[in-house]
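Structure, as structure tokens:
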Amino acid sequence: MPDSPSEQPSEQRHATPYDLAVIGAGAAGLAGAVAADRLGLRVALLDSSGEVGGQFYRHPAPALGAARPEALHHDWKAFAGLRRGLADSGVVHLAGHHVWTVARDGELWAAHAVTGADGDGERPVCVRARTVLFATGASERHLPFPGWTLPGVVGAGGAQAMLKSGLALPGRRIVVAGSGPLLPAVAASLAAAGARVPAVVEASGYLGYARSPAALAANPRKLAEAAAYGAALLRHRVPLRTRSAVTEVHGRDQVEGVTVCRVDRDWRPLPHTADRIACDALAVGHGLVPQIELATGIGCATRRTDDGAHALALDALQETSVRGLWAAGETGGVGGAPLARVEGELAGIAVAARVRGREALVRGSHARALRRRRDRMRAFATAMARAHAPGPGWTAWLDDATDVCRCEEVTAGTVREAVRDYGARDARSVKLLTRAGMGWCQGRICGAAVACLASPTGQEGGGQPALPPSPERRPLAVPVTLAALAALPPPNDRSHPSGHTPQKGPS
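The following block contains the structure:
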């Protein structure tokens, strides 16, 4: 694999456009990049992290001296194979590159990025390619409740990331709550690392999976995984409470306990069922939401998933509605690392078939087998989304003093006032009236909650929270400095081989 980007001048690395720019170095991005490279394409792999693996395969920095990092992961062998494939390939890995927009540049695509651990490096970078593969993964869905801003409340995925990459725990006595298949995995990892887990609190039940018997039968490995996590919870004596939710967190300066209530099928708290559990941390997550801002910013069509999120609409070969742009993994709907690897490899083959004019590649036996595996696992992902979809009654958890937008300190009462008194009927109008979603995270944390509170009915067909018909199109997918914007060249400027004249931003 070529040397790190910091050791190569921008002129050398980007003088010639790539055949494929892969954005995201998780399971899907690695599989897609390696597959395309093996078929003769010149590939650039851009990722904001300094290490490959994405959110799922986070691992400790070498300085921490972890003796067995694989012990913290499921299916580490598959990741190790992808990492070896990348090391043996000609893929140019651009670590620490935060892509903030993708735009047309004549017949090419231009991926604009800023460098550095937090995107605060001194130089903007433009990578041009004939095609792009979006493998940007997903983020946690956050639903607010009283006390959720107290120190000690972390995302369920965040707690797992702390353990995987930092070998740290958010507390010693940790309640795990929310909804989705991630919860048992997080609880088992925390308990194995020495934490006390008083309860796993699941707002949905697991009987919803029974409505998809064909998907269950076609994915026996998923059933085996569920059984393994169940056995781990039993071994560590962690009780599982279904049809229940954490509706309030208690404490002055940090978490001291949580209130757990039984909920009905719409997630409305049932009266006289409140129970308080002592703890010093809460790991809470209500599923994952595809990160698709880069793709929707240039007009890629979306579809509504069964759990109320928006994912990219893709064809049978993972191509988006915009020719030349592909996507794989969670961008097309949350489904886990094995599905992401299959979709990434299929997308890499499809890109090679297009770029090299070798359509036989996508008609071959290997591509057909990948499509069958993809369809089988995608069916299970759909069943999973349906079983853990948030119920519209969760807004009953909120009193008017609960912060919904943490960045701008906008409360549920303020949002309700905008709806009741000023006629707001969607997240955008609420934002204009209250500033909810205008903070540093740009609505990524509060967006789903604001949309639900803004809905006139609180639900849309299928019992899902009402949301805008499509995600907002954002010209900037990540924060970017004015200096980086000022460094952009005029359209079709070829005065510099990398597409811009390198300039230093403010120190």
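Read in order, the letters of the sequence shown are residues 2 to 508 in the working numbering.
Ideal Cβ placement from N, Cα and C applies to all residues, glycine included.
These figures come from a predicted structure and were not determined experimentally.
| Query | Result |
| --- | --- |
| Contact set for Y210: own chain, Cβ-Cβ below 7 angstroms, skip 5 residues either direction | L217, A384, A388 |
| Residue range of the alpha helix (DSSP H) that includes L340 | 338–357 |
| Exposure of T396, with buried meaning 16 or more beta-carbon neighbours within 10 Å | buried |
| Outcome for D20 when other beta-carbon atoms lying within 10 angstroms are tallied against a minimum of 16 | buried |
| N- and C-terminal bounds of the beta strand (DSSP E) containing V202 | 201–203 |
| DSSP state of E418 mapped onto helix, strand, coil | helix |
| Per-residue burial, W149 [other beta carbons within 10 Å of its own, 16 or more giving buried] | buried |
| Beta-carbon proximity check, L454 vs C127, cutoff 9 angstroms | no |
| Cβ of V405 within 9 angstroms of any chain C Cβ | The question asks about chain C, but that chain is absent: this structure has only one protein chain. |
| T1: first and last residue of the uninterrupted beta strand (DSSP E) it sits in | The question about residue 1 has no answer, for the chain in this structure spans 2 to 508. |
| Same chain, Cβ closer than 7 angstroms to G414, five either side skipped, listed in chain order | D401, A402 |
| Sequence-distant residues of the same chain with beta carbon closer than 7 angstroms to Q510, five excluded per side | Here the chain has residues from 2 to 508 only, and residue 510 is not among them. |
| Selected residue, minimal CA-CA separation from L42, among D404, L234, R357, R445 | R357 |
| Contacts around G510, its chain only, beta-carbon distance under 8 angstroms, and the 5 residues preceding and following it disregarded | Outside the modelled stretch of the chain, which goes from 2 to 508, sits residue 510, for which no answer is possible. |
| Inter-residue CB distance, I299 and T332 (contact presumed, cutoff 8 angstroms) | Not quite, the Cβ-Cβ distance comes to about 13 angstroms (not below 8 angstroms), so this is no contact. |
| Pair within 9 angstroms by beta-carbon distance, G288 and S180 | yes |
| Minimum C-alpha distance to V198 - residue among G206, A225, S213, L170 | L170 |
| Start-to-end residues for the alpha helix (DSSP H) that takes in R324 | It is not in any alpha helix (DSSP H) - R324 carries neither H nor E in the DSSP assignment. |
| Buried or exposed (CB count within 10 angstroms, at least 16 for buried), W110 | buried |
| C-alpha distance - A232 paired with S456, whole-angstrom precision | 41 angstroms |
| Burial state of T102 (16 or more Cβ within 10 Å) | buried |
| Close Cβ partners of G463 (< 6 angstroms) along its chain, the five nearest in sequence each way excluded | Interpretation of G463 is limited by its pLDDT of 35, a score under 50 that renders its predicted location unreliable; the figure taken from the coordinates is listed afterwards. Answer for G463: no residue qualifies. |
| DSSP beta-bridge partners of Y19 | A130 |
| Secondary structure of C406, DSSP reduced to three states | strand |
| Of the listed residues C442, Q56, D376, nearest to T137 (C-alpha basis) | Q56 |
| Backbone CA spacing between P470 and G195 [nearest angstrom] | Summary for P470: the model assigns pLDDT 43, below 50, so the residue's position carries little reliability; its value from the coordinates is reported in the next sentence. Taking the straight line from one Cα to the other gives about 45 angstroms. |
| Euclidean distance between Cα positions of R417 and T248 | 19 angstroms |
| Backbone CA spacing between V363 and S50 [nearest angstrom] | 32 angstroms |
| Contacting residues, own chain, Cβ-Cβ under 7 angstroms from G336 (five flanking each side not counted) | M378, R379, A382 |
| Start-to-end residues for the alpha helix (DSSP H) that takes in R445 | No alpha helix (DSSP H) holds R445; DSSP gives it neither H nor E. |
| Between the CA atoms of E108 and P18 - distance to the nearest angstrom | 11 angstroms |
| Supposed close pair L40, L83 - CB separation, criterion 8 angstroms | That belief does not hold up - the Cβ atoms of L40 and L83 are roughly 16 angstroms apart, past 8 angstroms. |
| Coarse secondary structure for V53, derived from DSSP in three states | coil |
| Backbone secondary structure at L144 - three-state DSSP | coil |
| Three-state secondary structure assigned by DSSP to P393 | helix |
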